[in-house]
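Engineer: FYI, the numbering for the sequence shown is 105 to 523, going by my numbering.
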Amino acid sequence: MGIRKEIEKEDVNIYEEEQSEKTLIVTNKEIKAGTLNQLVILLTSEDSGAIGYHNFLQTFLLTYRSFTTQKKLLEKLRDRAKVPRSDDFTEDKVYLKTINFLTKFVCDNISDFNQDTLKFLKDFMSLLDPNTAQKLQRYIQNQGRRQMQAAALNTPEPIASPQIAYPNFDIFNVDVEEIARQLTLLEFENYSKISPSEMLNLAWSKPKLRYRAVNLVTLSTRFNAIALWVTKSILNIPNLSKRASRFAWFLKLIDHLRKLNNFQTLGAVYGGLNSSAVYRLDQTKAEVSKESMVILEESMKLLSPKSNFEACRKALDEAVPPCIPYISIYLGQITFTEEGNPTYIEGGLINFKKQHLLSQIILKVIKHQNEPYALTPIPQIRDFFVKLPKSPNDDEKREKEQLENQLFNLSKELEKPKK
């Protein structure tokens with residue numbers, strides 16, 4: 105059942121909907137399902153601590169956009185703030201919790217509000233008492249974009265000068281450790297911007313919804329571009345010895361990325377080395393030292409899909425930040441959860457158990473977003489990777505197949521198939 109139909113059902117006033125088994129299901133202090141009205145009531149009730157409020161609040165804020173819209177939620181909060189007269193104490197407590205939740209919700213989400221939602225918020229604030237409205241306005245004004253500044257004393261000296269000019273710039277003439285650092289800075293820039301809403305409704309995988317998942321799509325596009333760059337950089341070298349040196353260079357890059365806990369880019373580089381066109385180059389790999397090939401073997405074990413990427417998940421859990429996770433693992437888990445659990449259950453209730461499952465995965469994705477790398481950016485290296493040619497995506501099947509055939513044929517020319 106779509107969000108739009110459910111929103112139409114939720115138009116009943118929040119104070120006119122009775123709480124019953126038809127509107128809210130709670131088991132052992134855990135919310136299993138409920139209408140939007142009941143969820144908002146629990147978020148803003150004076151005795152909501154009885155349901156494990158912190159986990160409930162966290163789950164709601166991470167996943168609400170899978171079952172409602174920002175404007176609809178603001179409408180419900182506006183209605184909730186109009187507390188019917190009972191005793192003044194209860195009225196004040198509910199009003200205060202509503203404003204507290206409103207403040208957190210707005211500060212966390214205002215950068216995503218469209219013009220219609222911003223106008224509604226402005227009208228809503230005009231209905232609040234002046235003191236509350238002023239406080240909320242100050243919170244909003246102070247909620248600037250996250251400034252990620254690393255202490256200069258903790259920033260290692262760049263191996264390549266940030267000011268150096270490269271008349272005949274060759275990325276492979278730059279120290280490989282510096283390349284790993286610059287790739288990590290670029291990757292973290294996008295990783296740190298991923299919002300929980302990008303991981304809802306499988307938006308990143310649906311052409312009509314990708315506009316909702318800009319940073320995830322950018323991360324995926326760069327992943328494929330880097331993998332393609334790795335593959336082409338090896339296949340474009342006719343000389344066996346030089347090709348083996350290039351292969352070894354990429355293994356060193358993987359090693360430095362692992363030390364930086366940049367699992368995302370590590371996965372991309374490994375993906376290029378593991379492409380069908382490069383994987384078959386036995387003569388090339390035979391020229392690479394055994395010490396270097398150990399890195400390839402360790403990468404294969406780290407990124408093995410065995411037991412739902414058990415080795416990589418363990419490494420991520422043990423990683424000391426800063427860290428960039430291997431996003432594909434978690435997107436796979438989200439896909440499994442989305443496809444295996446309905447957003448609404450019988451009676452049109454929001455399946456909050458599903459939202460809790462999603463929130464636990466989302467938390468792992470965003471876990472290290474506030475722990476940046478203390479590294480110095482070098483614009484020319486960054487620009488090289490920003491401008492890498494894109495690899496055809498899954499929607500461009502014909503182009504993708506043609507490219508794969510082209511690369512595989514080039515590989516066969518370099519090393520003839522065994523008879």
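We treat Cβ as the ideally placed atom computed from N, Cα and C, and that holds for glycine.
#1: Compute the Euclidean distance between the alpha carbons of Ala254 and Tyr295, then round it to the nearest angstrom.
#2: Might you give, ordered along the chain, the residues of its own chain that have their beta carbon closer than 6 Å to the beta carbon of Leu304, omitting 5 neighbours on each side?
#3: Report the rounded CA-to-CA distance for Glu503 versus Ala372, giving the unit in angstroms.
#4: Helix, strand or coil for Leu555? Go by DSSP, reduced to three states.
#5: Report yes if the C-beta of Ala137 is less than 7 Å from at least one heavy atom of the ligand FAD; otherwise report no.
#6: Tell me the residue span of the alpha helix (DSSP H) that contains Thr335.
#7: Based on Cα-Cα distance, which residue from Pro234, Leu165 and Arg189 lies nearest to Leu206?
#8: Looking only at its chain, what residues have a beta carbon closer than 7 Å to the beta carbon of Leu344, apart from the 5 residues adjacent to it on each side?
#9: Can you tell me whether DSSP reads Tyr374 as helix, strand or coil?
#10: Along the chain, where does the alpha helix (DSSP H) that runs through Leu140 open and close?
#11: Does DSSP classify Asn213 as helix, strand or coil?
#12: Starting from Leu128 and walking both ways along the alpha helix (DSSP H), at which residues does that stretch end?
#13: If we count the other Cβ atoms within 10 Å of its Cβ and call it buried at 16 or more, is Arg326 buried or exposed?
#14: Quick one: what does DSSP say Arg250 is sitting in, helix, strand or coil?
#15: I need the DSSP call for Asn513, collapsed to helix, strand or coil.
#16: Among residues of its own chain, excluding the 5 on either side of Thr167, which ones have a beta-carbon nearer than 6 Å to its beta-carbon?
#17: Give me the Cα-Cα distance between Leu225 and Asn204, rounded to the nearest whole angstrom.
#18: What does the alpha-carbon distance come out to for the pair Asn159 and Phe456?
#19: Mind reading off the beta-carbon distance from Leu406 to Ala419? Whole number of angstroms is fine, and I expect it under 8 Å.
#20: Does the separation of the CB atoms of Leu323 and Gln286 fall below 8 Å?
#21: Label Gly444 either buried or exposed according to how many other C-beta atoms from any shown protein chain fall within 10 Å of its C-beta, with 16 as the threshold for buried.
#22: Run through the DSSP bridge pairs and tell me what Tyr315 is partnered with.
#23: Reducing DSSP to helix, strand and coil, say where Ala423 ends up.
#24: Over the uninterrupted alpha helix (DSSP H) stretch that includes Trp353, give me the two end residues.
#25: Which residues share a DSSP beta bridge with Glu519?
#26: May I ask you to list the residues that DSSP assigns as paired with Asn366?
#27: Closest to Asp498 by C-alpha separation, out of Pro342, Ser309, Ile341 and Ile470, would be which residue?
#28: Starting from Glu134, follow its DSSP beta bridges and name the residues at the other end.
#29: Determine the closest residue to Pro425 out of Asn474, Arg314, Leu232 and Leu507, with distance taken between C-alpha atoms.
#30: What is the rounded straight-line gap between the Cα of Val130 and the Cα of Glu291?
#31: Is the segment 477-496 close to the segment 429-440, with three or more CB pairs under 8 Å?
#32: Could you spell out where the alpha helix (DSSP H) holding Glu281 opens and where it closes?
#33: Within the continuous alpha helix (DSSP H) that includes Ile524, where are the two ends?
#34: What residues in its chain sit with their C-beta under 6 Å from that of Pro429, if we drop five residues either side in the sequence?
#35: What does DSSP give as the partner residue(s) for Asn455 in the beta ladder?
#36: Considering just the uninterrupted stretch of the alpha helix (DSSP H) at Ser479, what are its terminal residues?
Structural biologist: Based on what the coordinates show:
#1: Counted from its first residue, the sequence shown places residue 254 at position 150. Counted from its first residue, the sequence shown places residue 295 at position 191. The predicted position of Ala254 is uncertain, since its pLDDT is 37 and thus under 50; a value taken from the coordinates is nonetheless stated next. CA-to-CA, the gap between Ala254 and Tyr295 works out to about 17 Å.
#2: Position 200 of the sequence shown holds residue 304. Excluding residues within five positions, the ones whose Cβ falls inside 6 Å are Arg169 and Ser170.
#3: Your numbering for residue 503 matches position 399 in the sequence shown. Your numbering for residue 372 matches position 268 in the sequence shown. Roughly 20 Å between the two C-alpha positions.
#4: A query on residue 555 cannot be resolved here, the shown segment of the chain reaching from 105 to 523 and no further.
#5: The ligand content of the structure shown is nil, which means the ligand FAD is not present either.
#6: One-based indexing of the sequence shown puts residue 335 at position 231. From DSSP, the alpha helix (DSSP H) with Thr335 extends over Val318 to Leu339.
#7: Stepping through the sequence shown from its first residue, residue 206 is reached at position 102. Checking every option, the nearest Cα to that of Leu206 belongs to Leu165.
#8: On the sequence shown, position 240 is the one that residue 344 refers to. Correct list, in chain order: Gln387, Thr388 and Glu391.
#9: Here the question's residue 374 lines up with position 270 in the sequence shown. DSSP places Tyr374 within a helical segment (H, G or I) once states are collapsed to three.
#10: On the sequence shown, position 36 is the one that residue 140 refers to. Its alpha helix (DSSP H) spans residues Leu140 to Leu147.
#11: Here residue 213 refers to the residue found at position 109 of the sequence shown. Reduced to three states, the DSSP call for Asn213 is helix.
#12: By 1-based counting over the sequence shown, the position of residue 128 is 24. For Leu128, there is no enclosing alpha helix (DSSP H); the residue is found in the beta strand (DSSP E) stretching over Leu128 to Thr131.
#13: What you label residue 326 is simply residue 222 of the sequence shown in a count that begins at 1. So Arg326 counts as buried.
#14: Along the sequence shown, read from residue 1 onward, the residue named residue 250 stands at position 146. Only weak support is given to the placement of Arg250: the predicted model assigns it a pLDDT of 41, under 50, and the value that follows is read from those uncertain coordinates. The DSSP-derived three-state label of Arg250 is coil.
#15: By 1-based counting over the sequence shown, the position of residue 513 is 409. Three-state DSSP puts Asn513 in a helix.
#16: As a working mapping, residue 167 is identified with position 63 in the sequence shown. Around Thr167: Gln459, Leu462 and Ser463.
#17: Counting from 1 along the sequence shown, the entry for residue 225 is found at position 121. Counting from 1 along the sequence shown, the entry for residue 204 is found at position 100. When rounded, the distance between both Cα atoms is 15 Å.
#18: By one-based count along the sequence shown, residue 159 stands at place 55. By one-based count along the sequence shown, residue 456 stands at place 352. Taking the straight line from one Cα to the other gives about 12 Å.
#19: Counting from one through the sequence shown, the residue named residue 406 turns up at place 302. Counting from one through the sequence shown, the residue named residue 419 turns up at place 315. Confirmed, about 6 Å.
#20: The residue you call residue 323 lines up with position 219 of the sequence shown. The residue you call residue 286 lines up with position 182 of the sequence shown. In this structure, Gln286 does not lie closer than 8 Å to Leu323 by Cβ.
#21: Counting from 1 along the sequence shown, the entry for residue 444 is found at position 340. Classification for Gly444: exposed.
#22: One-based indexing of the sequence shown puts residue 315 at position 211. Bridge partners of Tyr315: none, in fact.
#23: To locate residue 423, count along the sequence shown from 1; it is residue 319. Shown here, Ala423 sits in coil according to DSSP, grouped into three states, outside any helix or strand.
#24: Your numbering for residue 353 matches position 249 in the sequence shown. First-last of the alpha helix (DSSP H) with Trp353: Leu344 to Lys363.
#25: On the sequence shown, position 415 is the one that residue 519 refers to. Among the bridge pairs identified by DSSP, Glu519 is matched with none.
#26: The residue you call residue 366 lines up with position 262 of the sequence shown. Answer is Ile428.
#27: Indexing the sequence shown from 1 puts residue 498 at position 394. In this structure, Ser309 is the residue among Pro342, Ser309, Ile341 and Ile470 with its C-alpha nearest to the C-alpha of Asp498.
#28: On the sequence shown, position 30 is the one that residue 134 refers to. Thr131.
#29: On the sequence shown, position 321 is the one that residue 425 refers to. For the options Asn474, Arg314, Leu232 and Leu507, the alpha carbon positioned closest to that of Pro425 is the one of Asn474.
#30: By 1-based counting over the sequence shown, the position of residue 130 is 26. By 1-based counting over the sequence shown, the position of residue 291 is 187. The alpha-carbon atoms of Val130 and Glu291 are separated by roughly 41 Å.
#31: In this structure the segment 477-496 does not lie against the segment 429-440, because fewer than three pairs of beta carbons, one per stretch, are closer than 8 Å.
#32: Indexing the sequence shown from 1 puts residue 281 at position 177. Under the DSSP assignment, Glu281 falls in the alpha helix (DSSP H) whose first and last residues are Val280 to Tyr295.
#33: The chain is shown from 105 up to 523; residue 524 falls before or after that span and cannot be answered.
#34: Here the question's residue 429 lines up with position 325 in the sequence shown. Here Pro429 has Phe367 and Leu420 as same chain residues with Cβ atoms under 6 Å from its own Cβ, once five neighbours each way along the sequence are excluded.
#35: Residue 455 sits at position 351 when you count from the first residue of the sequence shown. Answer is Ala137.
#36: Counting from 1 along the sequence shown, the entry for residue 479 is found at position 375. It should be pointed out that residue 479 corresponds to Leu in this sequence rather than to Ser. Taken as a continuous stretch (DSSP letters only), Leu479 belongs to no alpha helix (DSSP H), as it is neither H nor E.
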